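Enquirer: Structure in structure tokens, see below.
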Amino acid sequence: NSLYTRASLSELARTIADYMSVLDTTKDEFVRQNFYLYQQVILALQEKTEAPDSFSGPDFDEEAFLERIRQEETSATTLFQFSTYKAQLSYFLGDFEEAARWACQAEAYEDYATHLPHLPECLFYETLAAAEIHARSQRSPLTEKRLVRAHRRFEKWTKWSPDNFRARQLLLEAERARATGKSEPAEEGYDKAIREAREGGDFRVVGLAGELAANYYEGCGKRTTAIYYLQTALEGYKQWEMPLKIRQTEKRLRELRCRENAVSATECDETAPAGRLDVIDYVAATSSMPGETYSLDGVDLTAILTTTQTIANRMDMDTVLAEIMGTLVKHAGASKGALVTGKQDTLHIQAYADSEAGSPSLPMELADSSLVPEGLIRYVFRTRENVRYSKDEESWLVHNPYIGKHRPQSALCVPVTVHGSLLGVLYLENKLTGGVFASDRLSVLLAMASQGMMLCALQSSSAPSSYADPRMEENSPATADLMEEPLTERELEVLALLAAGLSNKEIADRLIIAVGTVKVHVKNIFAKLKVNRRIKAIEQAKELRLLDR
Numbered sequence: 003n004s005l006y007t008r009a010s011l012s013e014l015a016r017t018i019a020d021y022m023s024v025l026d027t028t029k030d031e032f033v034r035q036n037f038y039l040y041q042q043v044i045l046a047l048q049e050k051t052e053a054p055d056s057f058s059g060p061d062f063d064e065e066a067f068l069e070r071i072r073q074e075e076t077s078a079t080t081l082f083q084f085s086t087y088k089a090q091l092s093y094f095l096g097d098f099e100e101a102a103r104w105a106c107q108a109e110a111y112e113d114y115a116t117h118l119p120h121l122p123e124c125l126f127y128e129t130l131a132a133a134e135i136h137a138r139s140q141r142s143p144l145t146e147k148r149l150v151r152a153h154r155r156f157e158k159w160t161k162w163s164p165d166n167f168r169a170r171q172l173l174l175e176a177e178r179a180r181a182t183g184k185s186e187p188a189e190e191g192y193d194k195a196i197r198e199a200r201e202g203g204d205f206r207v208v209g210l211a212g213e214l215a216a217n218y219y220e221g222c223g224k225r226t227t228a229i230y231y232l233q234t235a236l237e238g239y240k241q242w243e244m245p246l247k248i249r250q251t252e253k254r255l256r257e258l259r260c261r262e263n264a265v266s267a268t269e270c271d272e273t274a275p276a277g278r279l280d281v282i283d284y285v286a287a288t289s290s291m292p293g294e295t296y297s298l299d300g301v302d303l304t305a306i307l308t309t310t311q312t313i314a315n316r317m318d319m320d321t322v323l324a325e326i327m328g329t330l331v332k333h334a335g336a337s338k339g340a341l342v343t344g345k346q347d348t349l350h351i352q353a354y355a356d357s358e359a360g361s362p363s364l365p366m367e368l369a370d371s372s373l374v375p376e377g378l379i380r381y382v383f384r385t386r387e388n389v390r391y392s393k394d395e396e397s398w399l400v401h402n403p404y405i406g407k408h409r410p411q412s413a414l415c416v417p418v419t420v421h422g423s424l425l426g427v428l429y430l431e432n433k434l435t436g437g438v439f440a441s442d443r444l445s446v447l448l449a450m451a452s453q454g455m456m457l458c459a460l461q462s463s464s465a466p467s468s469y470a471d472p473r474m475e476e477n478s479p480a481t482a483d484l485m486e487e488p489l490t491e492r493e494l495e496v497l498a499l500l501a502a503g504l505s506n507k508e509i510a511d512r513l514i515i516a517v518g519t520v521k522v523h524v525k526n527i528f529a530k531l532k533v534n535r536r537i538k539a540i541e542q543a544k545e546l547r548l549l550d551r
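In the working numbering, the protein residues as written are 3 to 551.
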């Protein structure tokens, strides 16, 4: 049930298949029937059922299933789940009235679903549908009442469990603002929801928030911005692995790009792959600031040619990177800049330029450097969000220690990606002038930075680097010893079982302790490893070689 609200469809399907083999032995018909239903829900979202709005298929009859369930003592719980799935499917198909009807039907069984994650899930899709109905029906008092009710419930749930509900609450607030004609709170809400969802790994909200933001901006006539948010939506839906929404989103992207770029009808043909980008499309795809415009002029092309010639004419990689960085800083109008690569836990400054100081010995670990704002760069690595700072504008970056100490007038920190793969982060700042980094130059800066990043990748793959010498690693103390506080023997046992995929209850049964005690151990493990999710804890533990003991 928990996986239903947070896992990809393939992960959910694999887990159900594994559990079904167990159920063949235990003969638990109540659970088995619910798993049959889960399998059909997955097939419906993959567009593999007899009709788009039905769960029926060759081996499953929806009406016969309901008839059988209504005769069971546990029917109320299953009927709530069934109504939730129907509300979700109807919403994805764009039938908002039907989604609201199924959610209302679920209310009759709500008392039997308070223990299920389906309860907030049902309310979530009901509220999204109500917001759309409210916007279309010129603010119906009935839907306004439901929006207020949902907002209060999610507000309460968020206080209890911000990791699970904060991103969804922010999205519902944005939709409520849009439905009631409040533009600024809606725009701010969409961005906050996407940021929160990315940080929490909630790709479902990334997809939904991206699509809803795109709807809003397209309605305002801002097609370029709508394209950006549709790309964000596609990112989320692909992680969700849901063909229904991927197909819808790719089709809309094609249509918007065709209208925006005024290409010929043949280029807009349905058969053209959604991922194909021409020069203008590439600029649109890499420009990540909502509402920005972009163009390629002589200055831009000169800058790109300069970096290309630098790569072609030099053999010394360090010199090449230095010249690329110098060209990039000059073209951007920055006084300082850096290219940073690596993984979230170990980042390195690969290229650095400062108009007022010489370059340090590179590459350099980001953690050992005060040359750039480490916290901001790690944030961009985590969220893949563009961050722009100007002294004359209100910004959350005023609280950043580096910004507070060095007081740059302008700063820009952006992820550098190629075909969706993160290569690294570009950081630029200007110490004297605010509002320096214009939106219409961003795509060119990213194109230049990506050349430098690709060189770094080639360099690291062709020869071992000085900071990753395996002999140094062998002679250095174990990274686990560098933790502020080591894990206890019991915490190591719990960590190993987490890595094996066991739930809290399964861990409690294995170690013969209370579930509450397991939760305390898990909380302590998260705190010591400085993570907030199981997956991150396991990744961090592997990096620290804690699971090899």
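Glycine residues also receive a C-beta, built at the ideal position from the N, C-alpha and C atoms. Predicted model, so just to flag it, every value in this text is computed and none were measured.
Rounding to the nearest angstrom, what Cα-Cα distance links serine 452 and proline 417 in this structure?
Expert: Here residue 452 refers to the residue found at position 450 when the sequence shown is read from its first residue. Here residue 417 refers to the residue found at position 415 when the sequence shown is read from its first residue. One C-alpha to the other measures close to 10 Å.
Enquirer: According to DSSP, what are the bridge partners of tyrosine 354?
Expert: Here residue 354 corresponds to residue number 352 of the sequence shown, with the count starting at 1. Bridge partners of tyrosine 354: Ala340.
Enquirer: Grouping DSSP H, G and I as helix and E and B as strand, with all else coil, what is phenylalanine 156?
Expert: Locating residue 156 in the sequence shown gives position 154, counting from the first residue. DSSP places phenylalanine 156 in the helix class (H, G or I) of the three-state scheme.
Enquirer: Mapping DSSP to helix, strand and coil, what is phenylalanine 528?
Expert: Your numbering for residue 528 matches position 526 in the sequence shown. It is helical.
Enquirer: Where DSSP assigns a beta bridge to methionine 366, which residues make up the other side?
Expert: Reading the sequence shown from its first residue, position 364 is the one you call residue 366. Partner(s): Ile351.
Enquirer: Quick check: what's the CA-CA separation for tryptophan 242 versus glycine 203?
Expert: Counting from 1 along the sequence shown, the entry for residue 242 is found at position 240. Counting from 1 along the sequence shown, the entry for residue 203 is found at position 201. Those two C-alpha atoms are separated by around 11 Å.
Enquirer: Within 10 angstroms of the Cβ of proline 54, are there 16 or more other Cβ atoms? Answer buried if so, exposed if not.
Expert: Walking along the sequence shown from the start, residue 54 turns up at place 52. It counts as exposed.
Enquirer: Assuming glutamine 83 and histidine 117 make a contact with CB atoms under 8 Å, what is their CB distance in whole Å?
Expert: Position 81 of the sequence shown, counting from 1, holds the residue named residue 83. Position 115 of the sequence shown, counting from 1, holds the residue named residue 117. About 12 Å separates the two Cβ atoms, so there is no contact after all.
Enquirer: Is the beta carbon of valine 331 closer than 8 Å to that of alanine 355?
Expert: Your numbering for residue 355 matches position 353 in the sequence shown. Your numbering for residue 331 matches position 329 in the sequence shown. Their beta carbons are under 8 Å apart, which means alanine 355 touches valine 331 by this criterion.
Enquirer: Does the structure place the segment 374 to 387 close enough to the segment 400 to 415 that three or more beta carbon pairs sit under 8 Å?
Expert: yes
Enquirer: Let's see if you can read the secondary structure: which residues bound the beta strand (DSSP E) around tyrosine 391?
Expert: In the sequence shown, residue 391 corresponds to position 389, counting from 1. That run of the beta strand (DSSP E) goes 389 to 392.
Enquirer: At what residues does the alpha helix (DSSP H) containing glycine 406 begin and finish?
Expert: In the sequence shown, residue 406 corresponds to position 404, counting from 1. Residues 403 to 408.
Enquirer: Tell me which residues share the same chain as asparagine 3 and place their Cβ nearer than 8 Å to its Cβ, disregarding the 5 neighbours each side in the sequence.
Expert: Residue mapping note: residue 3 aligns to position 1 of the sequence shown, counting from 1. Closer than 8 Å at the Cβ level, and outside the excluded window around asparagine 3, lie Leu118, Pro119 and His120.
Enquirer: For the candidate residues Arg492, His401 and Ile351, whose alpha-carbon lies nearest to that of leucine 428?
Expert: Along the sequence shown, read from residue 1 onward, the residue named residue 428 stands at position 426. Leucine 428 has its Cα closest to that of Ile351, out of Arg492, His401 and Ile351.
Enquirer: Leucine 323 and leucine 457 look like a contact to me (Cβ under 8 Å); what is the Cβ gap, rounded to whole Å?
Expert: Position 321 of the sequence shown, counted from the first residue, corresponds to residue 323. Position 455 of the sequence shown, counted from the first residue, corresponds to residue 457. Indeed they touch by this definition, with Cβ atoms about 6 Å apart.
Enquirer: What would DSSP say about valine 265, mapped onto helix, strand or coil?
Expert: Looking up residue 265 in the sequence shown gives position 263. For valine 265, the predicted model reports a pLDDT of 42, less than 50, meaning its position is unreliable; a value from the coordinates is still stated below. Valine 265: coil per DSSP, three-state reduction.
Enquirer: Restricting to runs no shorter than 4 residues, where is the alpha helix (DSSP H) found entirely within the segment 113 to 194?
Expert: 120 to 138, 143 to 162 and 164 to 181
Enquirer: Evaluate lysine 194 with the Cβ neighbour count: other Cβ atoms within 10 Å of its Cβ, from every protein chain shown; 16 or more gives buried, anything less gives exposed.
Expert: On the sequence shown, residue 194 is found 192 positions in, with the first residue counted as 1. So lysine 194 ends up on the buried side.
Enquirer: In whole angstroms, what separates the C-alpha of glycine 96 from that of tyrosine 127?
Expert: Locating residue 96 in the sequence shown gives position 94, counting from the first residue. Locating residue 127 in the sequence shown gives position 125, counting from the first residue. Annotation: glycine 96 to tyrosine 127 spans about 12 Å, alpha carbon to alpha carbon.
Enquirer: Hey, out of Glu395, Pro403 and Met450, whose CA is closest to glycine 436's CA?
Expert: Here residue 436 is taken as the residue at index 434 of the sequence shown, counted from 1. Out of Glu395, Pro403 and Met450, Glu395 has the C-alpha closest to the C-alpha of glycine 436.
Enquirer: Report whether the distance from the Cβ of arginine 16 to the nearest heavy atom of the ligand ZN is below 7 Å.
Expert: The ligand ZN is not part of this structure, which contains no ligands at all.
Enquirer: Roughly how many angstroms separate the alpha carbons of glutamine 48 and valine 446, rounded to a whole number?
Expert: Along the sequence shown, one-based indexing puts residue 48 at 46. Along the sequence shown, one-based indexing puts residue 446 at 444. Approximately 38 Å, taken between the alpha carbons.
Enquirer: Starting from glycine 96, trace the beta strand (DSSP E) both ways and give me its first and last residue.
Expert: Within the sequence shown, numbered from 1, the residue matching residue 96 stands at position 94. Looking at the DSSP string, glycine 96 is not in any beta strand (DSSP E), and its letter there is neither H nor E.
Enquirer: Take the Cβ of serine 85 as the centre, count every other Cβ of all protein chains shown within 10 Å, and call the residue buried at 16 or more, exposed below.
Expert: Here residue 85 corresponds to residue number 83 of the sequence shown, with the count starting at 1. Per the 10 Å Cβ criterion, buried.
Enquirer: Just to confirm before moving on: does the CB-CB distance between leucine 434 and serine 337 stay below 8 Å?
Expert: What you label residue 434 is simply residue 432 of the sequence shown in a count that begins at 1. What you label residue 337 is simply residue 335 of the sequence shown in a count that begins at 1. In this structure, serine 337 lies closer than 8 Å to leucine 434 by Cβ.
Enquirer: Is it true that the CB of glutamine 35 sits closer than 8 Å to the CB of isoleucine 71?
Expert: Your numbering for residue 71 matches position 69 in the sequence shown. Your numbering for residue 35 matches position 33 in the sequence shown. Between isoleucine 71 and glutamine 35, the CB-CB gap stays under 8 Å.
Enquirer: Would you mind sorting glutamate 69 into buried or exposed? The rule is 16 or more other CB atoms within 10 Å of its CB.
Expert: In the sequence shown, counting from the first residue as 1, residue 69 sits at position 67. Its Cβ having fewer than 16 others within 10 Å, glutamate 69 is exposed.
Enquirer: How many angstroms separate the CA atom of aspartate 483 from the CA atom of leucine 548?
Expert: In the sequence shown, the residue the question calls residue 483 occupies position 481. In the sequence shown, the residue the question calls residue 548 occupies position 546. With a pLDDT of 47 at aspartate 483, under the threshold of 50, the modelled position of this residue cannot be trusted, and the question is left open.
Enquirer: If you compare alpha carbons, which of Tyr219, Thr419 and Lys393 is closest to alanine 413?
Expert: For the purposes of this step, residue 413 is identified with residue 411 of the sequence shown, where counting begins at 1. Of Tyr219, Thr419 and Lys393, the residue nearest in Cα terms is Lys393.
Enquirer: For the candidate residues Pro245, Gly360 and Val342, whose alpha-carbon lies nearest to that of threonine 353?
Expert: Residue numbering aside, residue 353 sits at position 351 when the sequence shown is read from its first letter. Note that residue 353 corresponds to alanine in the displayed sequence, not to threonine. The shortest C-alpha separation from alanine 353 is found at Val342.
Enquirer: Given a cut-off of 8 Å, decide if phenylalanine 94 and leucine 246 are closer than it, judged by their beta-carbon atoms.
Expert: Position 244 of the sequence shown, counted from the start, is the residue given in the question as residue 246. Position 92 of the sequence shown, counted from the start, is the residue given in the question as residue 94. Contact: yes.
Enquirer: Determine the closest residue to leucine 232 out of Met244, Leu258 and Ala101, with distance taken between C-alpha atoms.
Expert: Within the sequence shown, the letter at position 230 stands for residue 232. Looking at the Cα atoms, Leu258 is the closest of the given residues.
Enquirer: Between which residues of its own chain and valine 382 is the CB-CB distance below 8 Å, once the five residues before and five after are set aside?
Expert: Taking the sequence shown and counting its residues from 1, the one referred to as residue 382 is at position 380. Once the five neighbours on either side are set aside, the close Cβ partners of valine 382 are Asn388, Val389, Cys415, Val416, Pro417 and Val427.
Enquirer: Specify, as a first and last residue, the run of the beta strand (DSSP E) that serine 361 falls within.
Expert: Translated into positions along the sequence shown, residue 361 becomes position 359. Looking at the DSSP string, serine 361 is not in any beta strand (DSSP E), and its letter there is neither H nor E.
Enquirer: Identify which residue in Val438, Gly454 and Asn432 has its Cα closest to the Cα of valine 420.
Expert: Counting from one through the sequence shown, the residue named residue 420 turns up at place 418. Considering only alpha carbons, the answer is Gly454.
Enquirer: Taking DSSP as the reference, what is the three-state secondary structure of leucine 5?
Expert: Along the sequence shown, read from residue 1 onward, the residue named residue 5 stands at position 3. Correct three-state label for leucine 5: helix.
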